[in-house]
Structures are given as structure tokens and as C-alpha cells.
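Peer 1: Going by our numbering, the first residue of the sequence shown is number 324, and it counts up by one from there.
In this text, a Cβ means the ideal position worked out from N, Cα and C, and glycines have one as well.
In this text, all values refer to a predicted model and were calculated from it rather than measured experimentally.
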Amino acid sequence: MTHLDPVPGPDGTALQDGEPRPWEDPAAARAEIERLAAELAGHAARVAELEPAAAELHQLQEAGKTEAQRLTERAEAAERQAEQTRAELIRAQVAHSRGLTERQAARLVGTSREELEADADELLADLAPGHRLMQPDPSQGSSGQHTAADPAAMFTGILHNSLHR
Numbered sequence: 324m325t326h327l328d329p330v331p332g333p334d335g336t337a338l339q340d341g342e343p344r345p346w347e348d349p350a351a352a353r354a355e356i357e358r359l360a361a362e363l364a365g366h367a368a369r370v371a372e373l374e375p376a377a378a379e380l381h382q383l384q385e386a387g388k389t390e391a392q393r394l395t396e397r398a399e400a401a402e403r404q405a406e407q408t409r410a411e412l413i414r415a416q417v418a419h420s421r422g423l424t425e426r427q428a429a430r431l432v433g434t435s436r437e438e439l440e441a442d443a444d445e446l447l448a449d450l451a452p453g454h455r456l457m458q459p460d461p462s463q464g465s466s467g468q469h470t471a472a473d474p475a476a477m478f479t480g481i482l483h484n485s486l487h488r
């Protein structure tokens, strides 16, 4: 029997011309099948033996991943706390260098030393003597008249209103 395409041998490689072809001889083919079946059974037994170890390894990897995630979260929280502490320290240093009270320092706005210093300087300029943050509203607390009240005129007005009712 002549084959145009190479025939695979027992190990999956192509047989060359002149090599024995086990699949053409029924007895050799049966022996090869039995050998392969025994090899397969051995591999299946080894897989069954290794499956619990693979499952345990997977659980350990997941536990390790969870531990790594927990450690990552702790590191990130520590970094946030360190950044917050650094910002508070800079705010305190700027307030101290400008002579601000704690309450005044709490009002400073900025994320860098330069921004905080500029805000502190603006606050101090606003608090400087002679600088009024708000101008009084002259219309508040009066009837809208800006004339000085004369007690005699007021008394005359009251008498006039009470007699002419």
C-alpha cells in the first residue's frame, strides 16, 4: 500500500518511506493502542493525583493575592495619611512664620507652600489696621432718612398725630 501523504507514527511524527507502519498491521496497531491506552491511564492517574495539589495551590494563590491586596490598601492609606500630615505641617509652618493663630491658620487655602504663603499674606493684609473688610450700610437700622433726630420735633410730631386722630 503506497501513501502519498506521510503517515503519522506512534509518537505523532511522520514516518519516512521504508519505516515500519504499525497502523497497517492489525497486531502491531493493537499493541500500539494498548501501549497508548496504558500511557493514557498512567497520565490520568497522575492528573487525579495532582488535582488536589493544584486546587490547594490555587487557593494559596488567591489567599496570597488577597493578602497582597490588603497590604496594597494599607500602603495606600498610609501614603494618604502621610500626605495629609505633610499638608498640615506646611500649613502650621506657614501660619507660624506669619504669626497667625490656629483659627486663622485653619482658614488658609492652598495645596503647596507657595499657595499657603500667598493666602496668609492676603489674610494679613485684610486684617491690617485701617483696612475694613466690610463697609457699614447706612440705611440699616433707620427709616431711610439721614437727618439727625431732634427730640423737640419728635415730641411735637407725636402730639400732633395724637390730637388729629
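1) Measuring CA to CA, which of N484, R414, P349 is closest to A429?
2) Could you name each continuous beta strand (DSSP E) segment of 3 residues or more that falls completely within the region 334-396, going from the start of the chain to the end?
3) Hey, could you find the ends of the alpha helix (DSSP H) Q427 is sitting in?
4) If we ignore side chains and look at the alpha-carbon of each, how far apart do T434 and A410 end up?
5) Could you name the residues of the same chain whose beta carbon sits closer than 7 Å to that of A405, not counting the 5 residues immediately before and after it, in chain order?
6) Using the beta-carbon count (16 or more within 10 Å), is A371 buried or exposed?
7) Report the three-state DSSP secondary structure of G480 (helix, strand or coil).
8) Whole-angstrom Cβ separation of V417 and A443, contact assumed at under 8 Å?
9) By DSSP, does L327 sit in helix, in strand, or in coil?
10) Mind checking whether L447 and R426 have CB atoms under 8 Å apart?
11) Which residues in the same chain as T389 place their Cβ atom closer than 7 Å to its Cβ, once the five residues preceding and following it in sequence are excluded?
12) Count the other CB atoms within 10 Å of the CB of L486; is the residue buried (16 or more) or exposed (fewer)?
13) Please confirm whether E346 and A352 have their CB atoms less than 8 Å apart.
Peer 2: So, from the listed chains and residues:
1) Among N484, R414, P349, the Cα nearest to that of A429 is on R414.
2) Considered as a whole, the region 334-396 harbours no complete run of any beta strand (DSSP E) with no fewer than 3 residues.
3) Boundaries of the alpha helix (DSSP H) harbouring Q427: 425-429, taken from the DSSP string.
4) In a straight line, the C-alpha of T434 is about 7 Å away from that of A410.
5) In the same chain as A405, and ignoring 5 residues on each side of it, no C-beta atom comes closer than 7 Å to its own.
6) Burial call: exposed.
7) Reduced to three states, the DSSP call for G480 is helix.
8) By a beta-carbon distance limit of 8 Å, V417 contacts A443. Their separation comes to about 5 Å.
9) Its pLDDT being 46, under 50, L327 is placed unreliably by the model, and nothing is read from it.
10) Judged by their CB atoms, L447 and R426 are not nearer to each other than the 8 Å cut-off.
11) In its chain, beyond the 5 residues on either side, no residue has a beta carbon closer than 7 Å to the beta carbon of T389.
12) Per the 10 Å Cβ criterion, exposed.
13) According to the sequence as given, residue 346 is Trp; it is not Glu. Yes, the pair counts as a contact, with Cβ atoms nearer than the cut-off.
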